[in-house]
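Below is one structure, written out as structure tokens; comments come after it.
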Amino acid sequence: MPTPRRAITVRGLGRRFKDRWALRGLDLEVDRGTVHGLLGPNGAGKSTTVRVLTTLLRHHEGTAEVAGHDLATEGALIRHRIGLVGQNAAVDEVLGGRQNLELFARLHHLGRRDARRRADELLERFDLADTGRRPVSTYSGGMRRRLDLAAGMILAPPLLFLDEPTVGLDPRGREEVWSAVRGLVDDGTTVLLTTQYLEEADRLASRISVIDHGRVIAEGSPSGLKSRIGGDRIDVVLTDEGSLERAAALVERATGSPVRTFREEHRISAEVEDRAAALTRVVRALDDEGLRVADVLLRRPTLDEVFLHLTGTEEHSHHGTEVGR
Amino acid sequence: MTATDTHTGDRPSPLLAPAPPSGPLPRLGWALADGWTVARRDLLHWARGPWELGFGLLFPVLMVLMFVYLLGGSMSVPGGGDYTEYLMPGMFAMVMVFGLGETVTAVSTDANRGITDRFRSMPMASSAVVVGRCLADMIRSTLTLIVLIGFGLVVGWQWHGPFDRALLGFGLLLLFRFALVWIGIYVGLVVRGQGGMAVIQTLEFPFGFLSNAFVATATMPVWLGTVADWNPLSSTVAAARELFGGPNVIGEGWIAQNALLMAVVWPLLLVAVFAPLSVRRYRGLGG
């Protein structure tokens, strides 16, 4: 069988629940050997997309080819070539890591000896070899997710679906999962990753589809998406909160564009067109007024700002203070 | 942290798992093998936490002790007979009923945790999850039944006819449990853990008491006795009493007169309704 260049090709995918369309007219192309990020807020249709493409849910409209097979007619063959790591760590809590992997390996119809060998390989690979017989319920969140990843990799499937793999993990657990995912991609696995963490998409994905209300509203590389909303931004951080309003007015005048204010961080952010000139104007204006500045920086927009720009929902703005920088 | 931190060793040699079989017979083989693998998961649970299984077995034993020694003194069997002998077939059936809660819990926990979804996204027989559940629960119930039979013999119950008739009685009890497994799977998939388990466990006792398991339905108000007679549990209990040859109180109505027949018909009817419902629910989880 010739190996197609794309791992996933989706045309006009639609899925409704009762009469509400969760997906409508969704187009998606995922190149082999890449991490493709599916980025969107809660309820945008990310999980529904994954559930449809992994044959867990039927679709009502459109066509899709997944891992070289037609979604409508070749579900069994698709299941043979994909791995799914869902939002919950879908592993048995009572059993140990090795027992879990052996169980799933047996259900992939590996023989008893092959199942044991594969379990050992995967435990080694995901850094779980020294967990011994401990039940999974004693694992940390990061360990559990790594076991979950391993369970999705039993047959080393060429295509892996990760549905919000780091939700609920602490920063260290996230870092563990990310580096595990990178390791897989280095070995040639294609990954479709859904996330609402912009940082995650930025760090892992080479292409990102922004999804909202069940369809893709923008697509590109992380840097391409960022340049879509044009200009660089200037951030001004003040030493105290008191002069925030005055400073905001000054920055607005100096840059000629609307500012956003992040009160807790004493930070003001505005778009700039002429980098160096704008920087000089802002610094001079603040200095003239005698405002005390802790930091000034010029930067590219964060994915969060891109997201905000694309979806036009203000409710995400507060995330921008902590993610994606 | 670098990109290859967890990347130890080379890519494992490509694994060639057998492709899904075609033809009905190999496919049945797969379904059974996968079902057994799923069921074995429960056996591994028991091996890991034997005390849990132990407590599960202890509960019916305590119930028997309560009914025989605390309540038994004031219980009498209409038409005469030893209450312990009258009670035990009812207790056997109650143990089958208690298994319902275990089925619901296991099914809804898996569905909630996403384990069911993982199974469904894997290249395994699509019937394996329900078949495996069924196998594991039947094994567990058989084990519970054996323990309780042993305990029944200790407190003075016994069968009075040929052994094969007694064996048929045990078979009917397990057939009843088999029907309850399918109800449990269906309920577990529908409620997915949202308090549904509590409802089931609350309903187990009324369901048990509204039958001939503990007292003869003739001692109830007429309308209630009729309802109790039509409880599938009653048919199984009455049939078991008949087969064990101990004291039995046979009611007036047609349903009570045909307990042996109904002890077969009721479970088959329930399976015929709930097995397809469960499988459909499982295949179409999430709509």
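Line by line, the protein sequences are chains A and B. The opening position of the first sequence corresponds to residue 1 in this note's numbering, with each subsequent residue numbered one higher. The opening position of the second sequence corresponds to residue 1 in this note's numbering, with each subsequent residue numbered one higher. We put the beta carbon where it would ideally sit given N, CA and C, even for glycine.
In angstroms with no decimal places, state the Cα-to-Cα distance between Gly246(B) and Leu168(B). C-alpha separation (whole angstroms): 15 Å.
Thinking C-alpha only, which one of Leu62(B), Leu143(B), Thr202(B) and Met124(B) is nearest Arg81(A)? The shortest CA-to-CA distance from Arg81(A) to any of Leu62(B), Leu143(B), Thr202(B) and Met124(B) is the one to Met124(B).
List, in order along the chain, the chain A residues whose C-beta lies closer than 9 Å to that of Ile139(B)? Those do not exist, as Ile139(B) stays about 17 Å from chain A at its closest Cβ, beyond 9 Å.
Taking the DSSP output, what are the residues bridged to Ser140(A)? Partner residues in a beta bridge of Ser140(A), as assigned by DSSP, do not exist.
Which residues of chain A have a Cβ atom closer than 9 Å to the Cβ of Ile115(B), listed in chain order? Residues of chain A whose Cβ lies closer than 9 Å to the Cβ of Ile115(B) are, in chain order, Asn88, Ala90, Val91 and Asp92.
Alpha carbon to alpha carbon, what distance is there between Ala248(A) and Arg294(A)? Here residue 294(A) is Ala; the residue named in the question, Arg, does not match the sequence. Computed Cα separation, rounded: 15 Å.
C-beta atoms of Gly253(B) and Asp229(B) nearer than 7 Å: Yes.
Using a C-beta to C-beta distance shorter than 7 Å, which residues of chain B count as neighbours of Gln99(A)? Ordered by position in chain B, the residues that pass the 7 Å Cβ test against Gln99(A) are Leu44.
In three-state terms, what does DSSP make of Pro41(A)? Residue state, collapsed to three classes: coil.
So if I threshold CB-CB distances at 7 Å, which residues from the stretch 35-62 of chain A count as touching chain B? Residues Arg51, Thr54, Thr55, Leu56 and Leu57.
Return yes when the Cβ of Gly188(B) is within less than 7 Å of the Cβ of Val95(B), no when it is not. Val95(B) places its beta carbon 7 Å or farther from that of Gly188(B).
Chain B partners of Arg106(A), CB-CB under 8 Å? Thr37, listed in chain order.
Relative to the C-alpha of Val237(A), which candidate in Glu265(A), Leu128(A) and Val259(A) has its C-alpha closest? The shortest C-alpha separation from Val237(A) is found at Glu265(A).
Buried or exposed for Leu282(B), going by 16 or more other Cβ atoms inside 10 Å? In the sequence as displayed, the identity of residue 282(B) is Tyr instead of Leu. So Tyr282(B) ends up on the buried side.
Name, going along the chain, the residues of the stretch 185-202 of chain B whose beta-carbon falls closer than 8 Å to a beta-carbon of chain A. Correct list: empty, as no residue qualifies.
Three-state secondary structure (DSSP) of Glu204(B): Assigned with DSSP and collapsed to three states, Glu204(B) falls in helix.
Kindly say whether Arg145(A), judged by its beta-carbon, lies nearer than 7 Å to any beta-carbon of chain B. It does not; no Cβ of chain B falls within 7 Å.
Could you check where the alpha helix (DSSP H) with Phe55(B) kicks off and where it finishes? Pro50 to Leu65 is the extent of the alpha helix (DSSP H) around Phe55(B).
What's the gap between the Cα of Phe176(B) and the Cα of Gly183(A)? Rounded to the nearest whole angstrom, the CA to CA distance from Phe176(B) to Gly183(A) is 52 Å.
Quick one: is Met66(B) buried, meaning 16 or more other Cβ sit within 10 Å of its Cβ, or exposed? If you draw a 10 Å sphere on the C-beta of Met66(B), you find fewer than 16 other C-beta atoms in it, and that means exposed.
Run the CB neighbour count on Phe163(B), radius 10 Å, all protein chains shown included, and call it buried at 16 or more, exposed below. Exposed, since its Cβ has fewer than 16 Cβ neighbours within 10 Å.
Classify Pro276(B) as helix, strand or coil using the three-state DSSP reduction. Residue state, collapsed to three classes: helix.
Enclosing beta strand (DSSP E) for Val77(B) [first to last residue]: Taken as a continuous stretch (DSSP letters only), Val77(B) belongs to no beta strand (DSSP E), as it is neither H nor E.
Are any of the Cβ atoms in chain A nearer than 7 Å to that of Ser121(B)? Yes, its Cβ sits closer than 7 Å to a Cβ of chain A.
Val155(B) (DSSP reduced to helix, strand or coil): The answer is coil: DSSP assigns Val155(B) none of H, G, I, E or B.
Are Ala31(B) and Ala136(B) close, meaning C-beta to C-beta below 7 Å? Their beta carbons are not under 7 Å apart, which means Ala31(B) does not touch Ala136(B) by this criterion.
Compile a chain-ordered list of the residues in the stretch 48-63 of chain B whose CB is closer than 7 Å to at least one CB of chain A. Residues Arg48 and Gly49.
Do Ile217(A) and Val272(A) have their C-beta atoms closer together than 7 Å? Contact check for Ile217(A) against Val272(A) fails: the beta carbons are separated by 7 Å or more.
Would Arg79(A) count as contacting chain B if we go by Cβ distances under 7 Å? So, interface residue.
Residue burial classification, Leu153(B) (beta-carbon count within 10 angstroms, cutoff 16): Leu153(B) comes out exposed.
Considering only residues of the same chain and omitting the five flanking positions on each side of Val191(B), which have a CB-CB separation below 7 Å? The residues are Ser108.
Of all Cβ atoms in chain A, is any one closer than 7 Å to the Cβ of Ala275(B)? Residue contact with chain A for Ala275(B): absent (no Cβ-Cβ distance below 7 Å to any residue of chain A).
Tell me which residue opens and which closes the alpha helix (DSSP H) that Val177(A) is part of. Where Val177(A) is concerned, the enclosing alpha helix (DSSP H) stretches over Pro171 to Asp186.
Per-residue burial, Met1(B) [other beta carbons within 10 Å of its own, 16 or more giving buried]: Legend: pLDDT at Met1(B) = 38, less than 50; position of this residue unreliable, no value from coordinates given.
Would you report the Cα separation of Leu25(B) and Leu173(B), rounded to the nearest angstrom? Approximately 31 Å between the Cα atoms of the pair.
What in chain A is Cβ-close to Arg41(B), meaning under 8 Å? What Arg41(B) touches in chain A: Asp92, Leu95 and Leu103.
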